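Peer 1: Using the working numbering, you'd call the opening residue of the sequence shown number 34 and step up by one each time. Please see the structure below; I have some questions.
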Amino acid sequence: MQRLRDHLTPLSQLRYLAWRALPLGREVTVKLRSGERLSLRPPPAEDLATAYEMFVAEVYRPPFSVRSDTTLRIVDVGANCGHSLLFWAKHYPRAHVVAFEPHPVHLAMLERNLALNSLTPRVSLHRAAAGVSAGEVGLLDAESASTIVDATQGRSLRVPLIDFFEAVGDEPIDLLKMDIEGGEYALLEDPRFARLKIRTLIMEWHRTRERPDGKVWCEQRLAALGYEVTQGIWSSEVNGLLWARPREAEARP
Numbered sequence: 034m035q036r037l038r039d040h041l042t043p044l045s046q047l048r049y050l051a052w053r054a055l056p057l058g059r060e061v062t063v064k065l066r067s068g069e070r071l072s073l074r075p076p077p078a079e080d081l082a083t084a085y086e087m088f089v090a091e092v093y094r095p096p097f098s099v100r101s102d103t104t105l106r107i108v109d110v111g112a113n114c115g116h117s118l119l120f121w122a123k124h125y126p127r128a129h130v131v132a133f134e135p136h137p138v139h140l141a142m143l144e145r146n147l148a149l150n151s152l153t154p155r156v157s158l159h160r161a162a163a164g165v166s167a168g169e170v171g172l173l174d175a176e177s178a179s180t181i182v183d184a185t186q187g188r189s190l191r192v193p194l195i196d197f198f199e200a201v202g203d204e205p206i207d208l209l210k211m212d213i214e215g216g217e218y219a220l221l222e223d224p225r226f227a228r229l230k231i232r233t234l235i236m237e238w239h240r241t242r243e244r245p246d247g248k249v250w251c252e253q254r255l256a257a258l259g260y261e262v263t264q265g266i267w268s269s270e271v272n273g274l275l276w277a278r279p280r281e282a283e284a285r286p
């Protein structure tokens with residue numbers, strides 16, 4: 034079984050192993066053999082898990098052909114600590130990324146990871162949660178599972194909310210990624226979603242109290258909007274990945 038450390042340069046392997054063996058509560062910066070530099074926080078932060086998903090499991094590697102030379106605009110909703118942005122930059126070198134992330138700690142890590150890789154100019158960052166209106170909302174502070182909640186709930190942060198559709202406009206989106214812990218339903222339900230010009234969609238669905246049938250609902254909604262849906266690399270009872278692209282793209286050779 035491949036581990037994150039197996040993908041590090043020799044010097045970074047030594048630094049990483051020392052960091053794991055002597056936990057001092059500090060961040061560590063390591064370099065992948067493929068060239069990316071990562072700033073990682075120690076547990077209970079989930080940077081190690083997200084780095085594993087991105088660079089070892091490669092959960093965002095598409096199950097169908099997506100041309101890197103014509104993928105010019107990527108929208109990343111729920112960019113977390115920025116590992117997905119590094120993945121996009123590596124695999125789609127001509128793309129500019131529009132990213133949304135509301136969590137202040139994740140934003141700091143995201144900006145650090147972009148700076149480490151000289152990628153800041155390639156990313157337009159919205160420091161806000163993506164929704165169907167603008168304002169302010171509560172964000173449950175739960176690491177990568179942080180989600181929009183009633184602002185009166187304990188452990189919630191007050192964060193800006195941006196109208197996703199106004200933010201992205203009507204320019205075509207070559208690849209849209211959504212991982213927003215249940216926030217995907219409001220975006221998918223909005224009639225403006227049908228008007229987006231999306232070539233490829235990767236999303237994580239989540240079972241919620243309001244959507245206990247989250248996977249089926251997302252599949253049916255996307256199919257009704259004219260998308261061909263493909264299962265992602267993993268799925269569980271409570272969440273999983275779905276890929277989608279317009280049916281006319283599926284029909285093309």
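Note that CB positions come from ideal geometry on N, CA and C, so glycine has one too. Note that the coordinates shown come from a computational prediction; the quantities given were computed from them, not determined experimentally.
Tell me where the beta strand (DSSP E) around K210 begins and ends.
Peer 2: From DSSP, the beta strand (DSSP E) with K210 extends over L208 to M211.
Peer 1: Within 10 Å of its beta-carbon, does R100 have 16 or more other beta-carbons around it, so buried, or fewer, so exposed?
Peer 2: So R100 ends up on the exposed side.
Peer 1: Please identify the residue among P279, T42 and T104 whose C-alpha is closest to the C-alpha of A227.
Peer 2: Nearest option by C-alpha distance: P279.
Peer 1: Since R74 contacts A122 with CB under 8 Å, what's their CB separation in whole angstroms?
Peer 2: The pair is not a contact, with the Cβ atoms about 21 Å apart (cut-off 8 Å).
Peer 1: Going by C-alpha to C-alpha distance, which of P77, H136, L47 and L44 sits closest to G58?
Peer 2: When each option's Cα is compared against that of G58, the closest is P77.
Peer 1: Roughly how many angstroms separate the alpha carbons of D203 and V130, rounded to a whole number?
Peer 2: Straight-line Cα distance between these residues: approximately 15 Å.
Peer 1: Cβ atoms of I195 and A219: under 9 Å apart, would you say?
Peer 2: Result no, Cβ atoms of A219 and I195 do not sit closer than 9 Å.
Peer 1: Leaving out five residues on either side along the sequence, give the residues of the same chain with a beta carbon under 6 Å from the beta carbon of I107.
Peer 2: Closer than 6 Å at the Cβ level, and outside the excluded window around I107, lie W121, A128, V130 and L208.
Peer 1: So which of P205, H136 and R70 has the shortest CA-CA distance to L158?
Peer 2: The shortest Cα separation from L158 among P205, H136 and R70 belongs to H136.
Peer 1: Are L37 and E69 touching if we call contact CB-CB under 9 Å?
Peer 2: No, they are not a contact pair.
Peer 1: Can you list, in chain order, the residues of its chain with a C-beta nearer than 6 Å to that of H116? Leave out the 5 residues immediately preceding and following it.
Peer 2: Only T83, A84 and M87 meet the Cβ criterion.
Peer 1: Using the beta-carbon count (16 or more within 10 Å), is P286 buried or exposed?
Peer 2: Summary for P286: the model assigns pLDDT 44, below 50, so the residue's position carries little reliability, and this model does not support an answer.
Peer 1: M236 by DSSP, collapsed to three states: which one?
Peer 2: Three-state result, M236: strand.
Peer 1: Taking all protein chains shown into account, do 16 or more other C-beta atoms lie within 10 angstroms of the C-beta of F198, making it buried, or fewer, making it exposed?
Peer 2: Buried: at least 16 other Cβ atoms inside 10 Å.
Peer 1: So, at 8 Å on beta carbons, what are the nonlocal neighbours of L149 in its own chain, with the 5 sequence-adjacent residues on each side left out?
Peer 2: Hits under 8 Å: T62, R70, L71 and S72.
Peer 1: Output the boundary residues of the beta strand (DSSP E) element that contains P193.
Peer 2: Taken as a continuous stretch (DSSP letters only), the beta strand (DSSP E) holding P193 covers S189 to D196.
Peer 1: Is V110 buried or exposed, if buried means 16 or more other CB atoms sit within 10 Å of its CB?
Peer 2: By the 10 Å Cβ count, V110 comes out buried.
Peer 1: Looking at the unbroken alpha helix (DSSP H) that takes in E252, where does it start and where does it end?
Peer 2: Where E252 is concerned, the enclosing alpha helix (DSSP H) stretches over G247 to A257.
Peer 1: What do you get for M34, buried or exposed, if any count of 16 or more other CB atoms within 10 angstroms of its CB means buried?
Peer 2: By the 10 Å Cβ count, M34 comes out exposed.
Peer 1: Need the endpoints of the alpha helix (DSSP H) that S45 sits in, please.
Peer 2: It spans P43 to A54 - the alpha helix (DSSP H) in which S45 sits, taken as one unbroken run.
Peer 1: Rounded to the nearest angstrom, how far is the Cβ of L190 from that of L172, given a contact under 8 Å?
Peer 2: Contact flag correct, Cβ pair sits at about 5 Å.
Peer 1: Among residues of its own chain, excluding the 5 on either side of A90, which ones have a beta-carbon nearer than 6 Å to its beta-carbon?
Peer 2: Correct list: empty, nothing qualifies.
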